[in-house]
Amino acid sequence: MKKSTIALFLVLFPLTACSQAQTNGIPPAPEGLAYYDDIMGAPPLLPANAEPGWQQCAPAVAADSQTYRTSQEVGTDEGWIEATAHDWQALPMSAEDGKITVIDFAQKDGQMAYRYLANANTQDDLYEPWSSSKIMAFAGVMSLLSDNFAQPDTLVGDVKLADLITSINSYEASGKADGNSNALAYYLVNLAGRDYLTALFHDAWLRIGQPQVMFRGAYGPDAFQPTDLYWRTPSRQVAAQIVSRDSDSGSRSYRCDDCGLTGNKPMTTLASAEFLKRLAAHKRDRLTQMPGLSDAAVQMLFYGLGHSDNSANAGGMMAGASLTPHRAIAAALQQQFPELQGLSVQQTLDQATNGNWRIFHKLGAGPSETRGASEVVALAHICLPLATGTKEFTFAAQASVDDNSYDHVGLAGAKLERLIENAVRELIQP
């Protein structure tokens, strides 16, 4: 794979920083291509206790607290955002530092409750989501299929569904999924259709209230072509012919009349974070579930249940490439808990949570000739069962630097790491 020809891939290289971390704690972020190769291109870390399971993570708050509001209090109709507990300037980073929206979880009177935090009123700023949007294509497709097809033994042609979503997140081969994340995600977009994926942000589900947000593009030059048109689940003895469209009336060119500089799938940190937050709360907050999406499909997205052996030994979003969020969260934990200082990223996360942390994440990155910038986006859901109090939250973040080159993508990645670290530090302090 060549950096000069494919802008949406995060290229994977051997992790050199990890060996340093075992003895020297968290090493300083390298610069430029070194960060791109060694940090953004690294396979993920896994918690000591990595068994798949539904999140039971959110802390309880008083039922009369207005710091967090439930979905029932907020509603899901147009204008629900204004009814949330929110502070769009709560995170003390400037817009120059990047954009980030954090949705903090709690339990209130037996229901899920949330507060929304952002920096410098950037939550509605449009940006190119790059590959972070691929999980949305997967969720959209699965919402159109029955629960029968979200099983560990489901095959898409001759590729396991679990390997397909794992390879999309890891950029590595998993079973017969060859690591061509762009082609696999392109196939899913063609299955779901751009009109449907766009509608999910509006009247079909999120009602995000910002018409410029849309999903009209795809990834890379070509879509994955399965060996045949059938999805099969042997354990349930079901099969269906599922045809990927050759053309889509909802598709738009990157610089279409309605697209502008942010391209044909512009999003915001609020829209992206809300999408993932609702998936993470799927089983616990029925009011905000994506219509048609099954419990099993959400578990497939997060864990890739049934995935084949692969280099990350993980599936789904647990296999997401890059150590950027892990490093940022570990650094924030070390600042809050001095006893963790000097430990590696892995040791910090495990010791702080008794090995029960979860980081489900998808990064996207690339140099943009259109904007003359190099950009990195992170979309993640986090569970940190700390001794001082559990924290669960979803965030979407974006950072960019001038000039479009892979060296500068690495600089943007290091900038994003600092942005996430500062946000998490604010979130976990008493």
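Just so we're aligned, residue 76 is where the sequence shown starts under the working numbering, counting upward by one.
The beta-carbon is built from N, C-alpha and C at its ideal position, and this holds for glycine as well.
Since this is a predicted model, take the numbers as computed values, not measurements.
Note to self: For the beta strand (DSSP E) containing residue 456, name the first residue and the last one.
What the structure shows: Segment 448-461, the beta strand (DSSP E) holding residue 456.
Item checked: Inter-residue CB distance, residue 342 and residue 288 (contact presumed, cutoff 8 Å) -> 6 Å
Note to self: With a threshold of 6 Å on Cβ separation, who are the neighbours of residue 383 within its own chain once the five nearest residues in sequence on each side are excluded?
What the structure shows: Residues 238, 249 and 250 of the same chain have their beta carbon placed closer than 6 Å to that of residue 383, with the five preceding and five following residues left out of the count.
Item checked: Residue nearest to residue 500 in terms of C-alpha spacing, selected from 260, 372 and 459 -> 459
Notebook entry, point to check: So, are the CB atoms of residue 449 and residue 486 less than 9 Å apart?
Noted result: yes
Note to self: For a quick check, are the C-beta atoms of residue 344 and residue 176 less than 9 Å apart?
What the structure shows: yes
Next item on the list: Sort 482, 425, 389 and 172 by Cα distance to residue 247 and report the nearest one.
Entry: 389
Note to self: Check for me: the alpha helix (DSSP H) holding residue 262 runs from which residue to which?
What the structure shows: 256-267
Check: Would the region 254-267 and the region 291-301 be scored as touching if the rule is three or more Cβ pairs under 8 Å?
Finding: yes
Next item on the list: Determine the direct distance from the alpha carbon of residue 229 to that of residue 493, and round the result to whole angstroms.
Entry: 40 Å
Next item on the list: Excluding the 5 residues preceding and the 5 following residue 425 in the sequence, name in chain order all residues of the same chain whose CB lies nearer than 6 Å to its CB.
Entry: 123
Margin query: Do residue 319 and residue 265 have their beta-carbon atoms positioned less than 9 Å apart in this structure?
Written below: Yes.
Check: Can you tell me whether residue 330 is buried or exposed, with buried defined as 16 or more other CB within 10 angstroms of its CB?
Finding: By the neighbour-count rule (16 or more Cβ atoms within 10 Å), residue 330 is not buried but exposed.
Note to self: Ignoring anything shorter than 4 residues, give me the alpha helix (DSSP H) runs that lie fully in the region 114-150, in order along the chain.
What the structure shows: 146-149
Checklist line | Rounded C-alpha distance that separates residue 301 from residue 225 | finding: 17 Å
Margin query: Measuring only the C-alpha atoms, how far is residue 156 from residue 233?
Written below: 43 Å
Checklist line | Best match in 357, 182, 164 and 121 for proximity to residue 174 [C-alpha to C-alpha] | finding: 164
Check: Within the chosen definition, does the region 400-417 reach the region 358-365 through at least 3 CB pairs nearer than 8 Å?
Finding: Contact between the region 400-417 and the region 358-365 is not established, with fewer than three Cβ pairs separated by less than 8 Å.
Check: Considering only residues of the same chain and omitting the five flanking positions on each side of residue 167, which have a CB-CB separation below 8 Å?
Finding: Once the five neighbours on either side are set aside, the close Cβ partners of residue 167 are 194, 497 and 501.
Next item on the list: Go ahead and pull the three-state DSSP assignment for residue 495.
Entry: helix
Notebook entry, point to check: Quick one: any contact between the region 460-476 and the region 372-383, if contact means 3 or more CB pairs under 8 Å?
Noted result: Taking a cut-off of 8 Å for Cβ pairs, the region 460-476 and the region 372-383 do not touch, as fewer than three such pairs fall below it.
Notebook entry, point to check: In terms of alpha-carbon separation, which member of 272, 280, 143 and 140 lies closest to residue 152?
Noted result: The shortest Cα separation from residue 152 among 272, 280, 143 and 140 belongs to 280.
Checklist line | Three-state secondary structure (DSSP) of residue 473 | finding: strand
Notebook entry, point to check: Can you tell me whether DSSP reads residue 443 as helix, strand or coil?
Noted result: strand
Check: residue 243 to residue 307, Cα distance in whole Å?
Finding: 20 Å
Notebook entry, point to check: To the nearest angstrom, how far is it from the Cα of residue 192 to the Cα of residue 260?
Noted result: 30 Å
Check: Looking only at its own chain, which residues have a Cβ that is under 7 Å from the Cβ of residue 475, when we skip the five neighbours before and after it?
Finding: 448, 449, 450 and 487
Item checked: Run of the alpha helix (DSSP H) containing residue 528, from where it starts to where it stops -> Any question about residue 528 goes unanswered here, given that the chain covers just 76 to 505.
Checklist line | Simplified DSSP state of residue 465, which is helix, strand or coil | finding: strand
Next item on the list: Count the other CB atoms, across all protein chains shown, that sit within 10 Å of the CB of residue 89; report buried if there are 16 or more and exposed otherwise.
Entry: Since pLDDT at residue 89 reaches only 31, below the 50 mark, its modelled position is unreliable, and the value read off the structure follows with that caveat. Exposed is the call here.
Check: According to DSSP, what are the bridge partners of residue 110?
Finding: DSSP lists no partner for residue 110.
Item checked: Backbone CA spacing between residue 369 and residue 218 [nearest angstrom] -> 7 Å
Notebook entry, point to check: From residue 73 to residue 356, what distance separates their C-alpha atoms?
Noted result: No statement about residue 73 is possible, as the shown extent of the chain runs from 76 to 505 and does not include it.
Item checked: DSSP three-state assignment for residue 386, whether helix, strand or coil -> coil
Check: Where DSSP assigns a beta bridge to residue 187, which residues make up the other side?
Finding: 182
Next item on the list: Per DSSP, which residues does residue 419 bridge with? Please list them.
Entry: In the DSSP output, where bridge partners are listed per residue, residue 419 has none listed.
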